[in-house]
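Chemist:
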Amino acid sequence: MKNRVKLILRDLEAVRENLLALSDDIWLSIDHNDPDSLEEGYQFKKAYNQKMISFDRISQEISSMIQQFLDVKLGEEIAQQEEKSNEENVRIIKELDKEIPHDLNEDFSYKRPYGFVLEGKAYKDIDTWRRLYTVFCKHLYNRDPKLFSSLIHHENFISRRGNKTFSNSPDDFANVAIPITKDIYADGNLSANSIRNNMKKLMEVFEIPIDQLVIYLREDRNAEK
């Protein structure tokens with residue numbers, strides 16, 4: 001039963017990410033040179049985002065309630081991988097190498113990740129882009145805690161409106177705050193392509209060559225079955 005529950009909760013997270021991708025698609029489809037069309041799109045986007053905040057809150061509450069009652073924990077497989085041995089890391093890399101590699105120059109809308117290799121360290125059994133982003137950020141923090149902590153005030157991670165990508169307070173994120181460490185949080189209200197864009201910027205700041213990251217998708221694995 002626990003495996004079935006995990007699949008349902010993962011599907012719930014996937015629905016959320018697809019709704020964010022749809023929002024991106026709708027915004028890009030608007031004629032931004034037409035004032036009326038742009039205004040109509042802006043009002044739709046504003047209302048849509050408010051609904052997404054409510055959906056996120058309710059879906060997280062449902063997921064947490066189910067996990068607590070049934071003693072099911074999402075992401076525990078990934079947490080165990082953070083402490084894996086060199087031999088286990090090599091084994092996972094060999095397993096992932098059988099799949100089709102992808103990079104950060106691709107469109108990831110409506111696609112689901114399975115794993116990735118960053119600087120020779122492999123992670124698998126990843127179900128959503130939010131979870132991939134969390135593991136990715138934790139990897140960077142472990143690589144250089146001081147540099148990662150400085151991202152909170154880094155101009156590349158603060159929008160023109162003052163919205164932060166990282167913060168010491170989860171209250172700075174109206175929708176979803178991802179805990180990276182006990183006192184650093186990341187904005188989790190991001191579509192797959194927004195996460196991709198943030199990962200690109202992070203790799204630039206950490207001076208990691210783009211070819212040091214390879215992503216593997218769940219769709220590729222399913223197509224082979």
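The sequence shown begins at 1 in UniProt numbering and counts up by one. We treat Cβ as the ideally placed atom computed from N, Cα and C, and that holds for glycine.
Are the Cβ atoms of Pro113 and Ile100 separated by less than 8 Å?
Modeler: In this structure, Ile100 does not lie closer than 8 Å to Pro113 by Cβ.
Chemist: Just verifying my parser: in three-state terms, what is the DSSP assignment at His102?
Modeler: Looking at His102 - three-state DSSP - the assignment turns out to be strand.
Chemist: Check the DSSP bridge columns for Leu118 and list the partner residues they point to.
Modeler: Paired residues: Lys121 and Leu213.
Chemist: Less than 8 Å between the beta carbons of Asn189 and Phe173, yes or no?
Modeler: Taking 8 Å as the Cβ cut-off, Asn189 and Phe173 qualify as a contacting pair.
Chemist: Under a Cβ-count criterion, where at least 16 other Cβ atoms within 10 Å of its own Cβ denotes burial, should Ala192 be classed as buried or exposed?
Modeler: Ala192 is buried by the Cβ-count criterion.
Chemist: If you drop the 5 nearest sequence neighbours on each side, which residues of the same chain put their C-beta closer than 8 Å to that of Trp27?
Modeler: Cβ neighbours of Trp27 beyond the five flanking positions: Gly41 and Lys45.
Chemist: Which class does Phe55 belong to by DSSP, given the choice of helix, strand or coil?
Modeler: Looking at Phe55 - three-state DSSP - the assignment turns out to be helix.
Chemist: Can you grab the Cα-Cα spacing for the pair Ser150 / Ser59, in whole Å?
Modeler: Cα to Cα, the separation comes out at about 32 Å.
Chemist: Contact check, Trp129 vs Phe108 under 8 Å by CB: the rounded distance?
Modeler: About 7 Å separates the two Cβ atoms, so the contact holds.
Chemist: Could you have a look at Lys164 and say whether DSSP puts it in helix, strand or coil?
Modeler: Lys164: strand per DSSP, three-state reduction.
Chemist: Quick one: what does DSSP say Ala47 is sitting in, helix, strand or coil?
Modeler: If DSSP states are grouped into helix, strand and coil, Ala47 belongs with the helices.
Chemist: Which of the three DSSP states, helix, strand or coil, is assigned to Tyr133?
Modeler: Three-state DSSP puts Tyr133 in a helix.
Chemist: In this structure, does DSSP put Val15 in helix, strand or coil?
Modeler: Helix, per DSSP.
Chemist: If we call anything under 8 Å between Cβ atoms a contact, is Leu96 one with Gly115?
Modeler: The answer is yes: Cβ separation under 8 Å.
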